[in-house]
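Position one of the sequence shown corresponds to residue -14 (my numbering), numbered consecutively onward. Beta carbons: idealized from backbone N, C-alpha and C, even for Gly. A short write-up of the structure that comes next.
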Amino acid sequence: QIEVQGLPAVIAEVAAGQSEPILVEPGHRLLKLTARGEALHVFHELDAPDAEELDATYRRALVSDTCDGLSWLLNAGGTVTRHFARKHDGWEFEVLNIRNEDCLV
């Protein structure tokens, strides 16, 4: 599909397929996906009012899960950018830009 349509078009299809928020775990929702060129942006919302950064172990798990679940996108040269914001004030406290080379560690 990437060879026929190009990576940006395939990423746009993936983003368009996500219309409703998804409960990841209690207090953590995936709100939406957007496509920007060869990047898939994933927007997360956390209930924790004092969140200022992700726990290092949780961050590594997110990178690992992204590498496993979206390897086709990363292997094709795309990027997955995960945005984390607090629900109570909307403050985006962390952004992870995940590329294929992040998976090789």
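Look up residue i in the DSSP assignment and say whether it is helix, strand or coil.
i, result
"Glu10", "strand"
"Arg67", "strand"
"Arg21", "strand"
"Glu79", "strand"
"Leu55", "coil"
Could you pull out every residue in the same chain whose Cβ sits closer than 7 Å to the Cβ of residue i, ignoring the five residues on either side in sequence?
i, result
"Lys72", "Glu30, Leu31 and Asp32"
"Leu8", "Arg14"
Using only alpha-carbon positions, find the residue among the options that is nearest to residue i.
i, options, result
"Asp87", "His68, Thr51, Ala70 and Trp57", "Thr51"
"His26", "Thr66, Asp40 and Val80", "Thr66"
Excluding sequence positions up to five away, which residues of its chain have a Cβ less than 8 Å from the Cβ of residue i?
i, result
"Trp76", "Ala70"
Does the Cβ of residue i have 16 or more other Cβ atoms within 10 Å, making it buried, or fewer, making it exposed?
i, result
"Thr42", "exposed"
"Leu59", "buried"
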